[in-house]
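Protein sequence lines, in the order shown, are assigned to chains A and B.
Mapped onto the numbering used here, the consecutive letters of the first sequence carry residue numbers 8 to 120.
Mapped onto the numbering used here, the consecutive letters of the second sequence carry residue numbers 162 to 277.
Here a beta-carbon is modelled for each residue, glycine too, at the ideal position from N, C-alpha and C.
This report concerns only the one structure given below.
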Amino acid sequence: AQSVTQLDSQVPVFEEAPVELRCNYSSSVSVYLFWYVQYPNQGLQLLLKYLSGSTLVESINGFEAEFNKSQTSFHLRKPSVHISDTAEYFCAVSNTGGFKTIFGAGTRLFVKA
Amino acid sequence: DTGVSQNPRHKITKRGQNVTFRCDPISEHNRLYWYRQTLGQGPEFLTYFQNEAQLEKSRLLSDRFSAERPKGSFSTLEIQRTEQGDSAMYLCASSQGGREHSFEQFFGPGTRLTVL
């Protein structure tokens with residue numbers, strides 16, 4: 008069985024500060040890893056994904072995540088956040104068949120001016 | 162608009178009643194998923210279709226829940242004899258299969274169910 012743990016339920020941070028949202032997973036098989044974001048009053052949308060290859064993956068809006076197999080982690084980072092990054096972020100893992108996706112409980116990022 | 166749509170957006174029902182939700186996926190997507198999300202939690206996987214075939218069901222999906230995807234197009238999720246514990250947001254997502262499409266799931270806005 009697979010599981011995902013997001014270690015922080017809420018992360019308040021000031022604008023232009025760096026942020027890290029932590030995610031750990033457990034699985035006995037190879038997995039794919041994802042970060043989804045849900046902006047206020049919007050549906051879930053994919054932020055970035057790791058399938059294979061380079062362990063560092065990036066999104067178009069400056070977020071990055073690094074797959075660490077030995078620590079079974081996939082933490083999400085951004086060097087300088089904006090007010091518009093305020094949202095709930097979900098880490099997710101799926102088997103390599105790609106259909107059963109397990110989500111973490113989410114981390115609410117609140118960026119303050 | 163070619164996104165995933167769900168109807169109704171909100172449903173209030175009395176305990177013991179049956180409810181049915183509809184999901185219309187993105188037209189070229191052959192995979193369709195149902196999730197349930199409660200307050201403070203991430204989406205919980207319920208079931209998955211590839212075309213019209215239901216290939217996986219979570220143990221969360223009791224025998225009161227049934228999902229169909231006739232002809233591999235839209236899908237319905239029915240809950241019979243609703244209970245207050247069924248109150249949640251029900252999310253539908255779709256994706257194209259195959260590694261080349263990177264397993265990205267596109268989510269609908271959800272149907273919020275309240276059981277009184």
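Asked, Found
"Assuming T109/A and Q9/A are in contact, meaning their beta carbons sit under 8 Å apart, how far apart are those beta carbons, in whole angstroms?", "For the sequence presented, residue 109/A should be read as Ile rather than Thr. The Cβ separation is near 5 Å, so the contact holds."
"Could you tell me if the beta carbon of G60/A falls within a distance shorter than 7 Å of some heavy atom in the ligand HEM?", "Here there are no bound small molecules, and the ligand HEM is not part of this structure."
"Enumerate in chain order the residues of its own chain whose CB-to-CB distance from G177/B is below 6 Å, with the five nearest sequence positions on each side excluded.", "R242"
"Identify, in the order they occur along the chain, each residue of the same chain with its Cβ nearer than 7 Å to the Cβ of D247/B, setting aside the five sequence neighbours on each side.", "I240, L274 and V276"
"Against chain A, does E244/B count as a neighbour if the rule is that its beta carbon must be under 8 Å from one of theirs?", "no"
"What does DSSP give as the partner residues of D224/B in its beta bridges?", "For D224/B, which the question treats as bridged, DSSP gives no partner whatsoever."
"Using a 10 Å radius around the Cβ and a threshold of 16 neighbouring Cβ atoms, would you call A24/A buried or exposed?", "exposed"
"Would you say L28/A faces chain B, with C-beta separation under 8 Å as the test?", "no"
"Any Cβ of chain B within less than 8 Å of the Cβ of G60/A?", "no"
"Ignore the nearest five residues each way along the sequence and tell me which others in E73/A's own chain have a CB closer than 6 Å to its CB.", "T62 and L63"
"Indicate whether at least one CB of chain A lies closer than 8 Å to the CB of L281/B.", "Residue 281/B is absent from the model: chain B starts at 162 and stops at 277."
"Using a Cβ-Cβ distance under 8 Å, would Y209/B count as near chain A?", "yes"
"Let me check one thing: in DSSP terms, what residues is L116/A bridge-paired to?", "V18/A and A94/A"
"My understanding is that E22/A touches K119/A, with C-beta atoms under 8 Å, so please give their C-beta distance in whole angstroms.", "7 Å"
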